[in-house]
Amino acid sequence: MSGHPAAAAGFLIDAERAAWHDQSLWFMRQKRDAGSAIPEWESLRLAGQALKTHAMSRLADLLEEFERRATANGVQVHWARDAQAHNEIVLGILRSAGVTRVSKSKSMLTEECGLNPFLEAQGIEVVDTDLGERIVQLAKEPPSHIVIPAIHWKREEIGELFHRTMGTPAGETSPDALAAAARVHLRDALLNAGAGITGANALVAETGGVVVCTNEGNADLGMHSPPIHIACAGIEKMIATRDDLGVLLRLLARSGTGQPVTAYTTHVTTPRAGSAMHVVLVDNGRTKRLADATMRSALHCIRCGACLNTCPVYRRSGGYSYGHVIQGPIGAILAPAVDLDRHHTLPFASTLCGSCGDVCPVRIDIPAQLLAWRARSAAAGRLPRGYASIFPLLGRVLSKLDRYEFAARMARRFQKVIPASWLSGRWNPWTRPGRALPVIADESFREWARRAGRGS
Amino acid sequence: MCGESSVKKTLVFVHELVASSPTRSRGGADGVVIETRQRFGGATFDLMMRVALAVPCYVDQFRPEAARATLTLLERLGCEVSLGFDAPCCGQPMFNAGVVTAARGAAHEWARASAEFDAIVMPSGSCTHHVRHHVPALLDDEASRHAARVTYELCEFIAGVLGKPQLTGRFPHRVAMHLGCHAQRGLRLGGSTELHEPPQGPMHTLLSGLDGVDIVPLDRPDECCGFGGSFAVGEAEVSVVMGRDKLADVARHGAEVLVSSDPSCLLHLDAIVRHGGSSLRTMHIAELLEEATR
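Same order as they appear, the protein sequences are chains E and Z.
Letter by letter, the first sequence follows residues 1 to 456 of our numbering.
Letter by letter, the second sequence follows residues 1001 to 1294 of our numbering.
Encoded structure:
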């Protein structure tokens, strides 16, 4: 085993912890169910799908409109073709202002670009100010979930981590006490940073504004305390009008955490007097995705995390099993476009149960794209081990009745003479994790029908 | 009833006839499924539907009793059932594994075998979903579109096409219901919690209409059981944990019977039950309805 199956099997070795992980995320799914139980929910989803489809269909125009308005507002707009260009733009801004310490609120885009290690290698200290992000940063880990990055951490473990890194009392596990300690610790980073980096939940073409949503207010402190604010955003965050936010923000908060709206929702358009504001617009594969009609709608994703929470495979395999910055079903259709060789097992890490498509607030047909990626993996010769030899053969056997019946009769004889213990050895993935062998019936339905004088 | 006077027609046409003249259709133990007299230019024909039972490969081999129960049940409901459907598999296993080229042969054969029937009933939501939603896109020919139009999952056929959502039967047991995901979210044959829908759909209706049945509510009523075709072996560890969790949910609510309209889910769940030595009885919905209406 390699890729996702191996990592998932590793995650499941600690069965108790895996069950806890599953239940924690199921709780998030239940919060989403309660939060989205409003009469207009399906209309909202349709509206969300429509506004994102519209925005992606005229993305070039909207980006230019955004740049015009933002520039007129006194914001400096930068264009980055890829992750490297993005990182260098951010570094350039920091260098020219002599900044050596930055605070950063939650941003999957900067995770995607590997901004933290890049800046740290240049001698710039980066403090993640989202509590969950800070936990995984202190633990020197990547996030395991796009919305709740430290969901795989138990509070006892967080207490121990904080004891080690922040000097909280040993054995402290009260969430209130730990959060209070983190607040003091983070406030120092926020107030003493030379620049604040944020992500963006939306870029509004009509206003040239950047919209940032948090529940902790850390992005607001980060963008309003230091003299420089840098917002880093993928170009797919673009929407046409401010009115669109009325749909998007409701969908985002209700899908992500079940809240009607995030606690802090900031639409920032102009730099404060005496300070600078930058927006870095990042492509990094997005325009290529846009040109791909089959997979295009994955760009509609608003990173709410609902598909992760509902995914029975994500819940039982953990975020790290995906080996990609975006996990779960949406990650499984985004990652192969980045590197099919590396991520080819991800589209197969799904039962195609369809739950992700049904919770998606912008109605991305994730199951259809999972299937399409499987076909592309096959065409590229990157199938999971064994598939390339088994399925073409199976296809030949199952395409003609006589071949199929012959093979079935052989299998039945085989089953009778080979000891069950051999058939259920460690090599057999059907039985290995705890399943009895399937039993081929002594008489198939077709054989019975022929015996009864009715069959074909 | 499938005598020389039978006239082939599409099911769409049957639907229209039945909808426009419900008194002309009759059913039940004494009659045929749908029989409508229609006049064409002075001549009179008996219009009838030929119903074929299509048994998916793995049901044929691993659970033939589900196919026999389906046959008995359909006949008991007044259908005349042909067993002349002579293709073994719709091609789903290969298709879902991504090996699309290997799925064509089986799908093609399946579409060919469908040509002579006006209605094809399958005791599997997952295969029905594949035939209806994937095969026409894969083959893009008239035969596959015909197959997609005339193929029905058993419960939707009984409740919807036969128009018998309420059967006369008795099943005095605590039953946990598991709809396969492709029936649930692909064919929309169940109420989905993601869409805030209550339990509903043909299987739920048929089951809840039986005397004495007690449908237990599950904590996660539409969570996947973990089978997923090639997933069951490609991601074997996750697959089995999902199955165990489903069975634990069923056990927590004191169900004696776990019923599904998808034999593939049952193949996987039953294997976990047998490995663990639990006393839970797994049944296909055809087996349950057949037993209940004896």
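Backbone N, C-alpha and C define an ideal beta-carbon position, used for all residues, glycine too.
Note that the structure is predicted; figures quoted are calculated from it, not measured.
Buried or exposed: which applies to residue i, given that a residue is buried once 16 or more other Cβ atoms fall within 10 Å of its Cβ?
{"i": "T168 (chain E)", "result": "buried"}
{"i": "I38 (chain E)", "result": "exposed"}
{"i": "S389 (chain E)", "result": "exposed"}
{"i": "Q122 (chain E)", "result": "exposed"}
{"i": "M410 (chain E)", "result": "exposed"}
{"i": "Q23 (chain E)", "result": "exposed"}
{"i": "A452 (chain E)", "result": "exposed"}
{"i": "F27 (chain E)", "result": "exposed"}
{"i": "L191 (chain E)", "result": "exposed"}
{"i": "S377 (chain E)", "result": "buried"}
{"i": "K288 (chain E)", "result": "exposed"}
{"i": "Q1166 (chain Z)", "result": "exposed"}
{"i": "D82 (chain E)", "result": "exposed"}
{"i": "L1047 (chain Z)", "result": "For L1047 (chain Z), the pLDDT reaches just 44, beneath the cut-off of 50, and the residue's location in the model is therefore unreliable, although a value from the coordinates is still provided. Label assigned to L1047 (chain Z): buried."}
{"i": "S1279 (chain Z)", "result": "exposed"}
{"i": "F414 (chain E)", "result": "exposed"}
{"i": "S2 (chain E)", "result": "exposed"}
{"i": "D243 (chain E)", "result": "exposed"}
{"i": "A234 (chain E)", "result": "Note that residue 234 (chain E) is Gly in the sequence shown here, rather than Ala. So G234 (chain E) ends up on the buried side."}
{"i": "A1043 (chain Z)", "result": "For A1043 (chain Z), the pLDDT reaches just 40, beneath the cut-off of 50, and the residue's location in the model is therefore unreliable, leaving the point undetermined."}
{"i": "T1282 (chain Z)", "result": "buried"}
{"i": "T294 (chain E)", "result": "exposed"}
{"i": "T71 (chain E)", "result": "exposed"}
{"i": "A8 (chain E)", "result": "buried"}
{"i": "E1142 (chain Z)", "result": "exposed"}
{"i": "G1212 (chain Z)", "result": "exposed"}
Just list the residues that DSSP pairs residue i with in beta bridges.
{"i": "H78 (chain E)", "result": "E:V280"}
{"i": "H229 (chain E)", "result": "E:G196 and E:M277"}
{"i": "K104 (chain E)", "result": "E:D128 and E:I197"}
{"i": "H1268 (chain Z)", "result": "Looking at the DSSP assignment, H1268 (chain Z) forms no beta bridge with any residue, so it has no partner."}
{"i": "R1170 (chain Z)", "result": "Z:D1211"}
{"i": "E88 (chain E)", "result": "DSSP output for E88 (chain E) lists no bridge partner at all."}
{"i": "F1260 (chain Z)", "result": "The amino acid at residue 1260 (chain Z) is misidentified as Phe; the sequence shows Ser. DSSP output for S1260 (chain Z) lists Z:H1178 and Z:H1284 as bridge partner(s)."}
{"i": "Y1152 (chain Z)", "result": "Z:V1121"}
{"i": "M238 (chain E)", "result": "E:L203"}
{"i": "A1082 (chain Z)", "result": "In the sequence on display, residue 1082 (chain Z) carries Ser and not Ala. DSSP output for S1082 (chain Z) lists Z:A1052 as bridge partner(s)."}
{"i": "A1133 (chain Z)", "result": "Rather than Ala, the amino acid found at residue 1133 (chain Z) in this sequence is His. Per DSSP, none; premise fails for H1133 (chain Z)."}
{"i": "H267 (chain E)", "result": "E:V211"}
List, in order along the chain, the chain E residues whose C-beta lies closer than 7 Å to that of residue i?
{"i": "I1272 (chain Z)", "result": "G434 and R435"}
{"i": "Q1061 (chain Z)", "result": "A408, I440, A441 and S444"}
{"i": "H1275 (chain Z)", "result": "G434, R435 and A436"}
Which chain Z residues sit within Cβ distance under 8 Å of residue i?
{"i": "C307 (chain E)", "result": "Under the 8 Å cutoff, chain Z gives no residues; its nearest Cβ is about 10 Å from C307 (chain E)."}
{"i": "D358 (chain E)", "result": "R1185, S1192, E1194 and L1195"}
{"i": "W430 (chain E)", "result": "A1232, V1233, A1236 and A1271"}
{"i": "L251 (chain E)", "result": "Per Cβ cutoff of 8 Å: no residues; L251 (chain E) is ~14 Å from chain Z at best."}
Just to make sure I have the definition right: I need the residues of chain Z whose C-beta is within less than 9 Å of the C-beta of residue i. Which are they?
{"i": "L51 (chain E)", "result": "None at all; the shortest Cβ gap to chain Z is about 21 Å."}
{"i": "S105 (chain E)", "result": "Within chain Z, no residue comes near S105 (chain E); the closest Cβ sits about 30 Å away, beyond 9 Å."}
{"i": "F391 (chain E)", "result": "P1093, M1094, A1097, G1098, V1099, A1102, A1103 and S1230"}
{"i": "W448 (chain E)", "result": "P1064, A1067 and R1068"}
{"i": "T348 (chain E)", "result": "Note that residue 348 (chain E) is Phe in the sequence shown here, rather than Thr. Chain Z residues near F348 (chain E): A1097, G1098, S1230, F1231, G1234 and E1235."}
{"i": "L186 (chain E)", "result": "In chain order: nothing, as chain Z lies at least about 36 Å away."}
Below 7 Å on C-beta distance, what does residue i contact in chain Z?
{"i": "G354 (chain E)", "result": "C1181, R1185 and G1186"}
{"i": "R316 (chain E)", "result": "V1238, V1241 and M1242"}
{"i": "P5 (chain E)", "result": "G1234 and E1235"}
How would you list, in chain order, the residues of chain E whose beta-carbon sits under 9 Å from the beta-carbon of residue i?
{"i": "D1249 (chain Z)", "result": "Near D1249 (chain Z) there are no residues of chain E at all, since even the closest Cβ is about 11 Å away, more than 9 Å."}
{"i": "F1227 (chain Z)", "result": "T351"}
{"i": "L1267 (chain Z)", "result": "P438"}
Closer than 8 Å by beta-carbon distance: list the chain E residues that pair up with residue i, in chain order.
{"i": "C1089 (chain Z)", "result": "L398, S399 and Y404"}
{"i": "V1055 (chain Z)", "result": "F445 and R446"}
{"i": "C1224 (chain Z)", "result": "P312, T351, C353 and S355"}
Output needed in chain order: residues of the stretch 1118-1147 of chain Z with a Cβ under 9 Å from some Cβ in chain E.
H1134
At a CB distance below 8 Å, what residues from the stretch 24-46 of chain E approach chain Z? Give them in sequence order.
Those would be W26, D33, S36, A37, W41 and E42, in chain order.
Return the chain-ordered ranges of every beta strand (DSSP E) run that is complete within the stretch 1106-1130 of chain Z and spans a minimum of 3 residues.
Along the stretch 1106-1130 of chain Z, the beta strand (DSSP E) occurs as fully enclosed runs of 3 or more residues at 1119-1122, listed in sequence order.
Of all the residues that make up the stretch 1231-1246 of chain Z, which are near chain E by a beta-carbon distance shorter than 9 Å?
F1231, A1232, V1233, G1234, E1235, A1236, E1237, V1238, S1239, V1240, V1241, M1242, G1243, R1244 and D1245
Can you give me, in chain order, the residues of the stretch 1098-1114 of chain Z that have a beta carbon less than 7 Å from any beta carbon in chain E?
Correct list: G1098, V1099, V1100, A1102, A1103, G1105, A1106 and E1109.
Determine which residues of the stretch 1202-1221 of chain Z have a Cβ less than 8 Å from any Cβ of chain E, and write them out in chain order.
R1220
What are the uninterrupted segments assigned as alpha helix (DSSP H) that are 4 or more residues long and contained completely in the stretch 134-186 of chain E, given in chain order?
155-166
Pull out every residue of the stretch 373-389 of chain E whose Cβ sits closer than 9 Å to any Cβ of chain Z, in chain order.
W373, R374, A375, R376, S377, A378, A379, L383, P384, R385, G386, Y387 and A388
Could you please tell me which residues of the stretch 1071-1083 of chain Z, in chain order, have their CB closer than 7 Å to any CB of chain E?
L1083
Check each residue of the stretch 412-425 of chain E: if its Cβ is closer than 7 Å to any Cβ of chain Z, include it; give the result in chain order.
none
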